[in-house]
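Here the structure comes first, spelled out in C-alpha cells, and everything after it is commentary.
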Amino acid sequence: MLATVPVLGCLLLFGCTDGKDGDPGPKGANGLDGPDGADGDPGKDGDGFQESTAYGNIVVSFAGKLADGRDFTDSVNFKHAPVGVTGFMIGSLATVSDDFYNFSVRRFYGAVDLPPDLQDNFVHLNLDVIPTGDGNIVIPNECTIHTYMHASATKLVAVQQDFAGMLSVDDFEDCQYNAATGDLSFRLTLKESHQQNDIGISGLKITMVATLKVFQYIDQGP
-16 MLATVPVLGC
-6 LLLFGCTDGK
4 DGDPGPKGAN
14 GLDGPDGADG
24 DPGKDGDGFQ
34 ESTAYGNIVV
44 SFAGKLADGR
54 DFTDSVNFKH
64 APVGVTGFMI
74 GSLATVSDDF
84 YNFSVRRFYG
94 AVDLPPDLQD
104 NFVHLNLDVI
114 PTGDGNIVIP
124 NECTIHTYMH
134 ASATKLVAVQ
144 QDFAGMLSVD
154 DFEDCQYNAA
164 TGDLSFRLTL
174 KESHQQNDIG
184 ISGLKITMVA
194 TLKVFQYIDQ
204 GP
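Taking our numbering, the leading residue of the sequence shown gets -16, the next gets one more, and so forth.
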C-alpha cells in the first residue's frame, strides 16, 4: 500500500515598481462655441442727443476718382439739428406763401455744444419750392457741404464748397412737403467734372437724401 505524501504549495510574492508613463497623446479638437450671452442694457443718451436727432437727417454720399486713379466712395449721415434758438430757426425753417415755399435746413455730423460758426461739419441748403400740378419745382439758392470724406483707411479729403451754382431743377427728385405735419423730403443727385469742383476729385458724384421735419415761424410782432 502506497503512502500518501502531502504536497505543500508555496506562494511566493515579489515586490514590483511602477512602469514609466507613456508619452502624452495628441491634442484634442476645440469644443464647440457656447451660446451668445444676453445683450447688455442700452446705454444712456448724452444730454441733448434725443432733441438734436428728433427732426430728421440728410445722408450725403460721395463717389469719384482720386488723383492717383483710385475709385472711392463714402457717405456721411448728418442727423443733428442745431438746438439753440437762432440755429434751430436757420436749420429747420419753412416759409410758406400762397404760391411757393422756402426752406432753410441745416444738419450737423455730430452733436457738439459749440457756437454755430465753430460747428464746421455740416450740410446747409436754402431752397425755393414751387408747387405745380405735376409736382414740386426746386430752385436751389444754397447747397453748402462742409465735411470730410475717407479716401482710404488713413487719408481724408476735405469738402468745403457751395454747390448751388452747379445745380439745376432737374437734379432734384421726389420733393415732398406736407404743410400740416412739417415733413419735408427730397433726393438730390449732382454729377460734375474735375474742373467744376475745388476738391480735386474727378468724376465726382454727390447724392443727397433728406428726410426732415421743418417748422413755420410765427412772428407775433413786438
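Ideal placement from N, C-alpha and C gives every residue a C-beta, glycine not left out.
The C-alpha of Phe91 is placed about 5 Å away from the C-alpha of His63. Nearest neighbour of Ser35 by Cα position, chosen from Asp22, Arg89, Gly17 and Leu15, turns out to be Arg89. Per DSSP, Thr164 is not a residue of any alpha helix (DSSP H), being assigned neither H nor E. Counting the other Cβ atoms within 10 Å of the Cβ of Leu150 gives 16 or more, which makes it buried. With contacts defined as CB atoms closer than 8 Å, Asn60 and Thr194 fail to qualify as a contacting pair. The bridge partners DSSP lists for Cys126 are Leu108. For Val192, the enclosing beta strand (DSSP E) stretches over residues Ser185 to Lys196. Here Ala77 is buried. Its C-beta has 16 or more other C-beta atoms within 10 Å. In the three-state reduction of the DSSP assignment, Val66 falls in the coil class. Assignment of Ser151 by DSSP, reduced to helix, strand and coil, places it in the coil class.
Under DSSP, Phe91 takes part in a beta bridge, and its partners are His63 and Phe105. Scanning its chain for C-beta atoms nearer than 7 Å, with the 5 sequence neighbours on each side dropped, one finds around Asn104 the residues Phe91, Tyr92, Gly93, His129 and Thr130, in chain order. A residue is called buried once 16 or more other Cβ atoms fall within 10 Å of its Cβ, and Met72, having fewer, is exposed. Between Lys10 and Ser185, the beta carbon gap of about 56 Å keeps them out of contact (Cβ cut-off 8 Å). DSSP, reduced to helix, strand and coil, places Ile41 within a strand of the structure shown. Residues of the same chain with a CB within less than 6 Å of the CB of Asn119, apart from the 5 flanking positions on each side, are Val112 and Cys158 in chain order. Here Ala37 is exposed: its Cβ has fewer than 16 other Cβ atoms, across all protein chains shown, within 10 Å. Annotation for Val152: Ile120, Val121 and Ile122 place their beta carbon closer than 7 Å to its own, counting only its chain and skipping 5 residues before and after. Excluding sequence positions up to five before and after Tyr200, its CB lies within less than 7 Å of the CB of Met72 and Leu76, all in the same chain and listed in chain order. Measuring C-alpha to C-alpha distances from Val197 to each of Asn13, Tyr84 and Ala21 identifies Tyr84 as the nearest.
Taken atom to atom, the span from the alpha-carbon of Gly17 to that of Asp24 is near 21 Å. Remark: C-beta atoms of Tyr160 and Leu171 do not approach each other more closely than 8 Å. Between Val79 and Ser58, the gap from beta carbon to beta carbon reaches 8 Å or more. Judged by DSSP in its simplified three-state form, Gly74 adopts helix.
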